[in-house]
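Novice: I'd like to ask you about the structure that follows.
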Ligand code: URA
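In my numbering, the protein residues as written are 391 to 594.
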């Protein structure tokens, strides 16, 4: 897979600088109700980026993505393919908690898009695991749902992140859905992570 230079390593803007800007973001109404911005966490040079939907209560309080119950499962899935949270990068479609954990609105997703594009451009992951419908639809520019798309691997479709060349998107279920349903969804999600392990190994 092609490896593109990461501007963070070449004296351009850094992920830390972008995060600093994002922490005072007021581009949408979520700024009014959030406790804090949950920008993202992990390795700024990660080969693997995991993209969720939006912060929940625990994330809003701590400023760290996926630290609640879903986060515990996500950590297990990451460790199941011999990685750690420190070696991957984890973030969300929207960086601020939608009140009452409602779905993020299209205008909020649009307003937050440029932050995500900056993350993608600076990290330049080789693989993105999209967790659930919101992340999958956004990264693949599709209206198709996760049930149809999981099990496949597709090229990133994100006009705002054109510098991210050859990045493969692997859609899987959101950990909250896996926690609700267990069984088959857990087995399929584990299989998706194993596929990602293979893709990362193949990329060298
Ligand atoms: N669910 C998400 O989509 N993201 C988080 O950070 C936590 C729960």
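All C-beta atoms in this analysis are idealised placements derived from N, C-alpha and C, irrespective of residue type, glycine included.
#1: Using a threshold of 9 angstroms, state whether the C-beta atoms of residue 468 and residue 483 are closer than that.
#2: Taking the Cβ atom as the reference point for each residue, do residue 512 and residue 441 lie within a distance shorter than 9 angstroms?
#3: Is residue 482 close to ligand 1? I mean its beta-carbon at under 8 angstroms from any heavy atom of the ligand.
#4: Give me, in chain order, the residues of the same chain whose beta-carbon lies closer than 7 angstroms to that of residue 568; leave out the 5 immediate sequence neighbours on both sides.
#5: In three-state DSSP terms, what is residue 431?
#6: Can you find a heavy atom of ligand 1 that lies under 8 angstroms from the Cβ of residue 456?
#7: Taking its Cβ as the centre, do 16 or more other Cβ atoms sit within 10 Å of residue 571, making it buried, or is it exposed?
#8: Can you name the start and end residues of the alpha helix (DSSP H) that residue 491 belongs to?
#9: Please report the residue range of the beta strand (DSSP E) in which residue 573 lies.
#10: Among residues of its own chain, excluding the 5 on either side of residue 553, which ones have a beta-carbon nearer than 6 angstroms to its beta-carbon?
#11: Touching or not, the segment 448–459 and the segment 491–499, by the rule of three or more beta carbon pairs under 8 angstroms?
#12: Report yes if the C-beta of residue 432 is less than 8 angstroms from at least one heavy atom of ligand 1; otherwise report no.
#13: DSSP three-state label for residue 502, please.
#14: Any heavy atom of ligand 1 inside 8 angstroms of the beta-carbon of residue 550?
#15: Give the DSSP-derived three-state secondary structure of residue 537 in the structure shown.
#16: Relative to ligand 1, is the shortest distance from any of its heavy atoms to the C-beta of residue 521 smaller than 8 angstroms?
#17: Can you name, in chain order, every residue of its own chain whose Cβ lies under 6 angstroms from the Cβ of residue 507, other than the five neighbours on each side?
#18: Nearest to residue 444 by CA position, among 475, 417, 404, 487, is which residue?
Specialist: Inspection of the coordinates gives the following:
#1: Indexing the chain shown from 1 puts residue 468 at position 78. Indexing the chain shown from 1 puts residue 483 at position 93. No. Outside cutoff.
#2: Position 122 of the chain shown, counted from the start, is the residue given in the question as residue 512. Position 51 of the chain shown, counted from the start, is the residue given in the question as residue 441. Not a contact, by the Cβ cut-off of 9 angstroms.
#3: Start at 1 with the first residue of the chain shown, and residue 482 comes out as number 92. Within the cutoff, so yes.
#4: Within the chain shown, numbered from 1, the residue matching residue 568 stands at position 178. So the qualifying residues of the chain are 463, 575, 576, 579.
#5: Position 41 of the chain shown holds residue 431. Strand, per DSSP.
#6: As a first step, residue 456 must be located in the chain shown, where it is residue number 66. Yes.
#7: If you number the chain shown from 1, residue 571 lands on position 181. Counting Cβ neighbours within 10 Å, residue 571 comes out exposed, since fewer than 16 surround it.
#8: By one-based count along the chain shown, residue 491 stands at place 101. Note, residue 491: premise wrong, no alpha helix (DSSP H); not H, not E.
#9: Here residue 573 corresponds to residue number 183 of the chain shown, with the count starting at 1. Where residue 573 is concerned, there is no enclosing beta strand (DSSP E), although the alpha helix (DSSP H) it sits in stretches over 573–592.
#10: On the chain shown, residue 553 is found 163 positions in, with the first residue counted as 1. Cβ within range, chain order: 511.
#11: no
#12: Here the question's residue 432 lines up with position 42 in the chain shown. Checking every heavy atom of ligand 1 against the Cβ of residue 432, none is found closer than 8 angstroms.
#13: Numbered from its first residue, the chain shown carries residue 502 at position 112. Of the three classes helix, strand and coil, the one that applies to residue 502 here is helix, per DSSP.
#14: As a first step, residue 550 must be located in the chain shown, where it is residue number 160. Incorrect: residue 550 has no Cβ contact closer than 8 angstroms to ligand 1.
#15: Taking the chain shown and counting its residues from 1, one reaches residue 537 at position 147. Of the three classes helix, strand and coil, the one that applies to residue 537 here is helix, per DSSP.
#16: The residue labelled residue 521 in the question sits at position 131 within the chain shown. Yes - ligand 1 has a heavy atom lying nearer than 8 angstroms to the Cβ of residue 521.
#17: To locate residue 507, count along the chain shown from 1; it is residue 117. Around residue 507: 550, 551.
#18: Within the chain shown, residue 444 is the residue found at index 54, counting from 1. Among 475, 417, 404, 487, the Cα nearest to that of residue 444 is on 487.
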